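What follows is a short report on a single structure.
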Amino acid sequence: MMARALLCCVALVIGASSARADAIDGQWCLGASHFEINGPNIRTPGGNDITGEYNRHGFRYVVPANEQGCRDADRDGAFE
Numbered sequence: 002m003m004a005r006a007l008l009c010c011v012a013l014v015i016g017a018s019s020a021r022a023d024a025i026d027g028q029w030c031l032g033a034s035h036f037e038i039n040g041p042n043i044r045t046p047g048g049n050d051i052t053g054e055y056n057r058h059g060f061r062y063v064v065p066a067n068e069q070g071c072r073d074a075d076r077d078g079a080f081e
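Those letters in the sequence shown? Residues 2 to 81, per my numbering, in order.
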């Protein structure tokens with residue numbers, strides 16, 4: 002019985018390793034803002050379809066002038 006409990010504990014520890022994203026593509030939200038990343042293409046929270054610099058774990062783009070946050074242009078995926 003003790004061996005079975007130990008085996009269960011080991012299985013839980015191994016299974017509880019941190020999850021890591023393999024890509025950032027998808028639909029995302031931050032508060033009331035929503036955006037979608039599909040490779041180098043992004044639909045911004047303001048509804049603009051633009052292209053940015055993309056890799057599997059990051060995205061960089063210049064916020065369009067007609068969107069809130071344009072003063073914070075060229076931020077690494079950070080939205081305020």
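Even for Gly, the Cβ is constructed at its ideal location relative to N, Cα and C.
Since we're looking at a predicted model, the values are computed, not measured.
Taking the DSSP output, what are the residues bridged to I51?
I43
Whole angstroms is fine: what's the gap from N56's alpha carbon to Y62's?
12 angstroms
With burial defined as no fewer than 16 other Cβ atoms inside 10 Å of the residue's Cβ, what is the status of A66: buried or exposed?
exposed
Would you decide whether P41 is buried or exposed? Buried here means 16 or more other CB atoms lie within 10 Å of its CB.
exposed
Alpha carbon to alpha carbon, how far is G59 from G27?
13 angstroms
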